[in-house]
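Encoded as structure tokens, the structure appears first; notes follow it.
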Amino acid sequence: MSTSILIVQSGLTERLRKSRWPARLDLLQSGTGLLLALFMWVHMFFVASILLGETAMWSVARMFEGYFFLGGAHPRLVFGAAAGVFLLFVLHALLAMRKFPGDYRQYRKLRAHVRAMRHEDSTLWIWQVYTGFALFFLASAHLYQMLAWPQNIGPYASADRMWSDALWPFYLVMLLAVELHGGIGLYRLAMKWNWPGLSRNFLKRLKWGITGFFLVLGLMTLGAYMKIGFEHQARYGERYQPEALPAWLERLAPEGDFPLRGKERAP
Ligand code: HEM
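Take the sequence shown: its letters are residues 1383 to 1649, numbered as in the working numbering.
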């Protein structure tokens, strides 16, 4: 069948004007990517609260369950947040699939071009494809866990998952993938939409700086969970319960949970 017959049969010749949809889909992909990257930064700081101690991470986890303002912990809230992130993630992945090489021949051509040109931005793009592909599986598995067992988030529960459930290699690979993917993605967004109008060189340095910062923070966090998990392995399954919280936080906790409240507690 000749190419012209194919074009006529597909109805493309009847189009009166060019479609705006590719541009709209591109905008949607950029928007979902930006939201996910911003979520990841905030998520990283919350998960890293373990570096401030078990009680700090316990408080952050309970806060997301509404413990300090709804009179008790409601893991359903975490389920809701994870479901929202999952939807965003699926939409972003679906839109990104448009850009993936369609078959092995296209992939070989792309690799050959990137090698021949030695063009850094094209190399970064191909790394975004690799890490994005890995995240299809890694982030889905992680989000599924958060959806299925939202009540199992806490200093001991998370540390047990890392160490006794042997998930630390999974988290290590996901950390590398997500930080590279997010960093390259934000850099490409800034270049594409020319916002905030900084030079390519500066943006590139900023990107590596931010990626380096979150990688170091992520590795320290991973190390902290592994250490707690290692020390806690004999008591696997036990949940952390702080004896006391900072006075201002205890005041927000449900009545009776911290009987030695405020001034009655030994200094
Ligand atoms: C609302 C959805 C999410 C929740 C509630 C959540 C929660 C958590 C928690 C509690 C941990 C500590 C380990 C554990 O308990 O298993 C963790 C670690 C991690 N999460 Fe998430 N997460 C969410 C979404 C995501 C997404 C979408 C990604 C990336 C695509 C992601 C990437 C990571 C990484 C890389 C770590 C390891 C951090 C480190 O070792 O420093 N998370 N997450």
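Glycine included, every Cβ here is placed at the ideal spot set by N, Cα and C.
- Taking C-alpha positions only, Ala1430 is separated from Val1555 by approximately 17 Å.
- With a contact defined as Cβ atoms closer than 8 Å, Tyr1607 and Ala1541 qualify at about 5 Å.
- Per the Cβ contact rule, the stretch 1457-1468 is in contact with the stretch 1526-1544 (3 or more Cβ pairs under 8 Å).
- Comparing C-alpha distances from Leu1409 to each of Arg1570, Ala1635, Lys1586, Phe1515 shows the shortest one belongs to Arg1570.
- Where Gly1638 is concerned, there is no enclosing alpha helix (DSSP H), because DSSP gives it neither an H nor an E.
- Taking C-beta atoms under 8 Å as the contact rule, Met1602 and Leu1433 qualify, at a distance of about 6 Å.
- For Glu1613 and Glu1436, the gap between their C-alpha atoms comes out near 13 Å.
- Of the candidates Gly1415, Ala1443, Trp1509, Arg1500, the residue whose Cα lies closest to the Cα of Val1472 is Gly1415.
- C-alpha of Met1439 to C-alpha of Phe1428: approximately 8 Å in a straight line.
- His1524 has its Cβ nearer than 6 Å to a heavy atom of the ligand HEM.
- The stretch 1445-1461 and the stretch 1630-1639 touch, with three or more beta-carbon pairs separated by less than 8 Å.
- Taking a contact as a CB-CB distance under 8 Å, the pair Leu1597 and Glu1561 counts as one, their CB atoms being some 5 Å apart.
- In the same chain as Ala1523, and ignoring 5 residues on each side of it, the C-beta atoms closer than 8 Å to its own belong to Phe1552, in chain order.
- Between the ligand HEM and the CB of Tyr1618, the shortest heavy atom gap is not smaller than 6 Å.
- For Arg1402, the secondary structure class from DSSP, reduced to helix, strand or coil, is coil.
- Sixteen is the threshold: when 16 or more other Cβ atoms of the shown chains lie within 10 Å of the Cβ of Leu1517, as they do, the residue is buried.
- Near the ligand HEM, meaning a Cβ closer than 5 Å to any of its heavy atoms, lie the following residues in chain order: Val1429, Ala1463, Ala1464, Val1467, Ala1521, Met1528, Ile1535, Ser1540, Arg1543, Tyr1553, Met1556, Leu1557, Val1560, Gly1600, Thr1603, Leu1604.
- When DSSP assignments are scanned along the stretch 1551-1617, no uninterrupted stretch of beta strand (DSSP E) that is 3 or more residues long falls wholly within it.
- Residue nearest to Ile1566 within the set Ala1626, Lys1586, Leu1549, Ser1581 is Lys1586 (criterion: CA-CA distance).
- The beta carbons of Leu1557 and Gly1600 sit closer together than 7 Å.
- About 6 Å separates the beta carbons of Val1511 and Phe1482, which is inside the 8 Å limit, making them a contact pair.
- Of the candidates Leu1627, Ala1405, Arg1402, Val1424, the residue whose Cα lies closest to the Cα of Gly1564 is Val1424.
- For His1524, the enclosing alpha helix (DSSP H) has its first and last residue at 1502-1530.
- Only residues of its own chain outside the window of five on either side were considered, and among them none has a CB closer than 7 Å to the CB of Gly1579.
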